[in-house]
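Here is the structure we will look at.
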Amino acid sequence: MRGDRVGLVADPLELKLACPVCAEEHTYSVVVERSEVRGLVPGRKAPPQVKRQFVRLFNCPTTGNRYQAALQLSETAANRITAVTVRDAGEDAE
Ligand SMILES: [Zn+2]
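Numbering (numbering that gives the first Met the number 0), first residue to last: 0 to 93.
Next comes the structure, spelled out in structure tokens:
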């Protein structure tokens, strides 16, 4: 097969944050979408990883307040991040 193929890959992560509002820990799920370029020439060095910072709003389930936190994610030229979405884990908060 020849040619590059671009696909979207969603990459769900579980994230624990120490909440600055109520000082508890909350769990969120973060969906990271990447555009994946296939068809790179075998034998070439893997492209270097770059760290990117994304600032997102998080909801404190205890107080209902929102706060901002920065996430650091790695990407390469072949695996760029196109979207970062935060979802409340919601249930079973203690
Ligand atoms: Zn909180």
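Idealized CB from N, CA, C, for every residue including glycine.
- Counting along the chain, the unbroken beta strand (DSSP E) around Lys50 starts and ends at 49-58.
- Within the DSSP secondary-structure output, Thr26 pairs in a beta bridge with Lys15.
- In this structure, Glu24 and Leu16 form a Cβ contact; the two beta carbons are roughly 7 Å apart against a cut-off of 8 Å.
- For Ala77 and Val29, the gap between their C-alpha atoms comes out near 21 Å.
- For Arg86, the number of other beta carbons within 10 angstroms of its own is below 16, and it is reported as exposed.
- Excluding the 5 residues flanking it on each side, Gln52 has same chain C-beta neighbours closer than 6 Å at Ala69, Gln71, in chain order.
- Counting only the Cα atoms, Lys50 lies some 27 Å from Val20.
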